[in-house]
Each structure stands twice: as structure tokens, then as C-alpha cells.
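Engineer: Below is the structure I would like to discuss, written out as C-alpha cells.
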Amino acid sequence: MARVATLSDAVAELVGDGDAVAMEGFTQLIPFAAGHEILRQGRRELELIRMTPDVLFDQMIGAGAARKLVFSYGGNPGVGSLHRMRDAVEHGWPAPLELEEHSHAGMANRYVAGASNMPCAILRGYLGTDLPAHTQVRELECPFTGERLVAVPALAPDVAVIHAQEADRAGNVQLWGIPGVQKEAVLAAARSLVTVERLVDELEPRPGGVIIPGWAIDAVAEVPNGAWPSYAHDFSVRDNGFYRQWDEISRERERFQEWLREQVMVGAAAR
Amino acid sequence: MSAGSGEQQTVVAARRLADVASVFIGVGRPSTAAILARAVHNPDLHLVYESGTIGAKPRRVPLSIGDGELAETADAVVSVPEMFNYWIAPGRIEVAFLGAAQVDRFGNLNSTVIGPYDSPRTRLPGAGGAPEIALGCPEVIVIAPHSTRTFVEQLDFLTTVAAPTAVITDLGVLEPDPETAELTLTALHPGVEADQVRAATGFELAVAPELARTEPASAAELGALAELLAR
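One line per chain: the protein sequences are A and B, in this order. All the letters of the first sequence, read from the start, carry residue numbers 4 to 274 under the working numbering. All the letters of the second sequence, read from the start, carry residue numbers 29 to 259 under the working numbering.
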């Protein structure tokens, strides 16, 4: 069963320098608070894995915590570019960033393969595009029909970090609303940390609820509003204003660093 | 630079969905067009977003594909692997609206980089769902602004083999030639001339011998569009 811990203890225990860290949450339930704690603890050389790097990874890349990014769509949805990610890729600031990119279907199936403990997943796609020359994908022939297909390697992160609405005291987790790929990420990873809006005595079944048993999770930490500025269905709404504001905060290095110092790193030295 | 009309582009894209059962959409103009189509032409149209929301019924234009309203109003909300493996790949969603930073004369798309891959001038967001959406959905319609930056002779990176049935821009409509598959200007929006479209295209543009005009936006279309954007 999962240990109920504070966020700082859980991050200290589960996330190490150089780890491959998957942080999922598709449009909602993005684990921002946990990401910020990883930055406050000064983790470095991370391989950050996430289908949609979004504002969270823009912050972590800009802070210099990442060595490599594994992803499929790196934009600020409805707003524009991720300026910190672009600065790292285009100018190597604050550090060069190795990229491994896939399509969404490729990433989703890589997680499914990881969760299934299979070495790879098979799908249609990639063929005829420039992607195979720049990423890990191999062409193969279906042994039954002869159809040309592609295989993508399984994702096996060292640790998966997600946010959910609720957990009980045994660490059983329930999330609902857009389910994304969080269950797959947790089951694909060697270790896992789930932050939740609240701890409850008993989980109450929700329409479309996804339950992850506590014995498949290492640690659960209660972090109300831990997905802000994304949201937690039935708890909060997406702060579209902040997503728009991020464009201005992140555009210039100095402004970003000031934001990081004042909004994230506060108290970091005391830890 | 162009005297094009984004409004007319949205209205013309929406009309394409009048007899369609389901459409796959991202954010921005494609989403606006699909919501407009549902409001004006086709109340039974199923809107499907990459976030896993199937049959969403938004009353306003969402900023992100995961805005809460999409999940709250959807017939079903599914995981990302289910969306791609059970719904998109088998071709259950009839039409896909796609955008891109670059489009070539056959409707192939680049949303990855401008410049060389290893030292890009501009790093774009990347593939997202587009390659497998284009592969799975029976019909692809591309929606893009018309400029020489977008319509290029040679893509900097081939992200998506799209083979669209139409490319709808703010100047007019391009459709593939039935024999060569090359995109051909087949219709102009009101007030636009063919030379203007040629000048805004980075490759030598084929023009249909009988060039149509898109029907100007009706009062009903404009009213519904204004209402959607005001909410």
C-alpha cells in the first residue's frame, strides 16, 4: 500500500538526479505543485517525459533541471509557443536539451507497452514522414497479414508523478474527468508519486472514475490545488488567464528567472 | 498583408460539416468552425477532441482542448490510448480538421521545425496527434492562413502525410486535382482575386479553369459566430 507522505518527503525519497521522470495529466490534473517541489529540491539532469510538455515543463526546462525531453506536442495550447523550451532547443539556454519526439499515438502506445511490461508497441503511423529519421521507431511486417507497421519502444520511467482528486488513507487513488494517460504512466514506471486534492476516509465511486490501487503506488501526498494553473475536474477550473500570462512571463530570460525565484523557489534554501 | 477574411474561412469550413456525422478538431479556428457547424448546420454533429472528449457540446469556444466544459458535456470521456487506438486509428471519426505551419502543394504538413532539425530557426510544437489522425480519419480538411510562409515549395520537415480533400484558407479553397493530386485553387472568397492568391502562395499555384466564389457569410452564420466568440 502507498505511504501517505508530505510532498517534500515523497519527492526526496522518489525523485533523484538523472532520473527519467514521467509527469502526466492531459490538459487537467497536471502535477504542477510536485514539479515545483522537484525544482526546489534542486534535482538536475532529469529526463523529462510528458506527451504535452505544457507550461509545467517549460518552467522545469527554463530552471535548468532537464537534460532531455521526451514528448509529442510542445506548445501552450490556444496561446502559442513554449518560450523556455524553444530557448533551450534553439539557443541551448540555460543548457542544451536533447529531444526525443513522437506522435501522440506513439507516446500513448509507448506507455501502454511499459504498463504491460512489453518491449514495444505496434501501430500504424510514422511511415512516409521525416519522424523515423529522428526518433526511435522501427518498421516491421505483420506476421499474419504482411501489413507494414511500426514498433515504438516501451516507456519505462524511473518514476511517474501524477495528480488526482482523491486518495484514501491506504493510498488508493481515484481520478475523474479527462483521464489522459496517467494510469499507464504509473504502471509503466518503477516508482510512483500521486498528489491529491484531498485525503478521504473512503473513496466514493464517480462516473468515469479511474481507480489506481494503493499497492501499485509508492507515495501519496495531499496537495490541495496541486494542479494549478491546470485544473481538477469538480474541484477547480482551468486558469486560462495564467496560461495567457505565461506567454509574457516566459518570453524573456530575466523575467522568467524573477518569476521562478519569487513564485517557485521561495523557501528552497531552507530545505 | 493579405486582405483575407478569417471569418469567411471559418464559415466556409463550417459548411463542410453540414452532412457529416463526426469531426475531429484541435483548438483555434478549426474548433470555432466545428462549433459553428453544430450551431447552424448540423445539430447532430459529434465533436471529438484529442483530450478524449467524444460528443462534446461546448457553448463557447474553448481555449484548450481540455477545458472542463468539453468533458462535462461529452457523451463519453476516454483515455488517450483509447482515443487513438479505438476511435481514430480504425477510422470511426469521419472528418479531421488539421492546421500546420507549412503546407506543400500536395497538402503534406509540417508542424515540427523551421530550418534544419538539429539547429532549427524556429522550434514548432511537434506532431501531436496529426500523423495518426490524418492516417485514420477517412477525410482530412486543412485550415491554414494563406501566405508564402505557410504554402511552401519544400517543407522543412514532413510531419504529416495528410492528403486533404480541401485546404480552406482566408483567401479561398484549394482542392486536389483528381489526376495529379496537386492542390488547385477552386474557389475564391468574396472580394479576393486569383492573382492575390498566387502571390500569397510559395509554389506555382494551379488554378481551376472554372473558378467558383464561396457564398458570402449569411446573417445567420455571422450572428451565430459572433455569439460563440462573445461567450
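Beta carbons: idealized from backbone N, C-alpha and C, even for Gly. These numbers come from a predicted model, not from an experiment.
What does a CB cutoff of less than 7 Å around residue 318(A) pick up in its chain, not counting 5 residues either side in sequence?
Structural biologist: Residue 318(A) is absent from the structure shown; chain A starts at 4 and stops at 274.
Engineer: Under three-state DSSP, which class holds residue 247(A)?
Structural biologist: helix
Engineer: Closest Cβ-Cβ distance between residue 78(B) and chain A: below 9 Å?
Structural biologist: Closer than 9 Å to some Cβ of chain A, the Cβ of residue 78(B) qualifies, so yes.
Engineer: Among the residues of its own chain, which have a CB less than 8 Å from the CB of residue 198(B), if the five just before and after it don't count?
Structural biologist: 30, 32, 33, 34, 36, 37, 173, 174, 217
Engineer: For a quick check, are the C-beta atoms of residue 229(A) and residue 199(A) less than 9 Å apart?
Structural biologist: yes
Engineer: Does residue 234(A) come out as helix, strand or coil in the three-state DSSP assignment?
Structural biologist: Of the three classes helix, strand and coil, the one that applies to residue 234(A) here is coil, per DSSP.
Engineer: Please list, in chain order, the chain B residues whose beta carbon lies closer than 9 Å to that of residue 112(A).
Structural biologist: Within 9 Å of the CB of residue 112(A), the CB atoms of chain B belong to 109, 112, 113, in sequence order along the chain.
Engineer: For residue 221(A), is the classification buried or exposed, using 16 other Cβ atoms within 10 angstroms of its Cβ as the cut-off for buried?
Structural biologist: buried
Engineer: Which parts of the region 83-133 of chain B are runs of the beta strand (DSSP E), unbroken and 3 residues or longer, counting only runs that do not cross its ends?
Structural biologist: 123-126
Engineer: Could you tell me which chain B residues have their CB closer than 8 Å to the CB of residue 74(A), listed as they occur along the chain?
Structural biologist: What residue 74(A) touches in chain B: 154.
Engineer: The beta strand (DSSP E) spanning residue 138(A) covers which residue range?
Structural biologist: Per DSSP, residue 138(A) belongs to no beta strand (DSSP E) and is neither H nor E.
Engineer: Between the region 36-56 of chain A and the region 68-85 of chain A, are three or more C-beta pairs nearer than 8 Å?
Structural biologist: yes
Engineer: At least one CB of chain B closer than 9 Å to the CB of residue 84(A): is that the case?
Structural biologist: yes
Engineer: Quick check on the burial criterion: 16 or more other C-beta atoms within 10 angstroms. Buried or exposed for residue 153(B)?
Structural biologist: With 16 or more other Cβ atoms inside 10 Å of its own Cβ, residue 153(B) counts as buried.
Engineer: Please confirm if residue 362(A) has its CB atom under 9 Å from at least one CB of chain B.
Structural biologist: Only positions 4 to 274 of chain A appear in this structure, which leaves residue 362(A) out of reach.
Engineer: When you compare only the Cα positions, how much space is there between residue 76(B) and residue 168(A)?
Structural biologist: One C-alpha to the other measures close to 25 Å.
Engineer: Quick check on residue 15(A): does DSSP put it in helix, strand or coil?
Structural biologist: helix
Engineer: For residue 218(A), is the classification buried or exposed, using 16 other Cβ atoms within 10 angstroms of its Cβ as the cut-off for buried?
Structural biologist: Residue 218(A) is exposed by the Cβ-count criterion.
Engineer: Taking C-beta pairs closer than 8 Å, name the residues in chain A that residue 96(B) reaches, listed in chain order.
Structural biologist: The contacting residues are 31, 180, 234, 236, 240, 241.
Engineer: By the DSSP assignment, the beta strand (DSSP E) with residue 59(A) in it spans what residues?
Structural biologist: Segment 57-65 is the alpha helix (DSSP H) holding residue 59(A); no beta strand (DSSP E) there.
Engineer: What's the C-alpha gap between residue 244(A) and residue 146(A)?
Structural biologist: 51 Å
Engineer: Using the rule of at least 16 other Cβ atoms within 10 Å of the residue's Cβ for burial, across every protein chain shown, is residue 269(A) buried or exposed?
Structural biologist: Burial call: exposed.
Engineer: Less than 9 Å between the C-beta atoms of residue 153(A) and residue 126(A), yes or no?
Structural biologist: yes
Engineer: Going along the chain, which residues of the region 164-184 of chain B sit with their C-beta nearer than 7 Å to a C-beta in chain A?
Structural biologist: none
Engineer: Distance, Cα to Cα, residue 91(A) vs residue 62(A)?
Structural biologist: 11 Å
Engineer: Taking residue 237(B) as the reference, give the member of 245(B), 205(B), 220(B), 252(B) with the closest Cα.
Structural biologist: When each option's Cα is compared against that of residue 237(B), the closest is 205(B).
Engineer: Can you list the residues of chain B that residue 106(A) reaches, using a CB-CB cut of under 8 Å?
Structural biologist: 155, 156, 157, 158, 159, 160
Engineer: Label residue 147(B) either buried or exposed according to how many other C-beta atoms from any shown protein chain fall within 10 Å of its C-beta, with 16 as the threshold for buried.
Structural biologist: exposed
Engineer: Determine the closest residue to residue 164(B) out of 126(B), 102(B), 196(B), with distance taken between C-alpha atoms.
Structural biologist: 126(B)
Engineer: Nearest CA to the CA of residue 80(A): which residue from 21(A), 121(A), 156(A), 250(A)?
Structural biologist: 250(A)
Engineer: Between residue 186(A) and chain B, is any beta-carbon pair separated by less than 9 Å?
Structural biologist: It does: the Cβ of residue 186(A) has a partner Cβ on chain B nearer than 9 Å.
Engineer: From the beta carbon of residue 80(A), is the nearest beta carbon of chain B less than 9 Å away?
Structural biologist: So, interface residue.
Engineer: Quick check on DSSP: helix, strand or coil for residue 206(A)?
Structural biologist: coil
Engineer: Using the Cβ count rule (16 or more neighbours within 10 Å means buried), how would you classify residue 149(A)?
Structural biologist: Residue 149(A) comes out exposed.
Engineer: Around the C-beta of residue 191(A), are 16 or more other C-beta atoms found within 10 angstroms, so that it is buried, or is it exposed?
Structural biologist: Burial call: buried.
Engineer: Name, please, each residue of chain A whose Cβ falls closer than 9 Å to the Cβ of residue 91(B).
Structural biologist: 80, 81, 82, 241, 243, 246, 247
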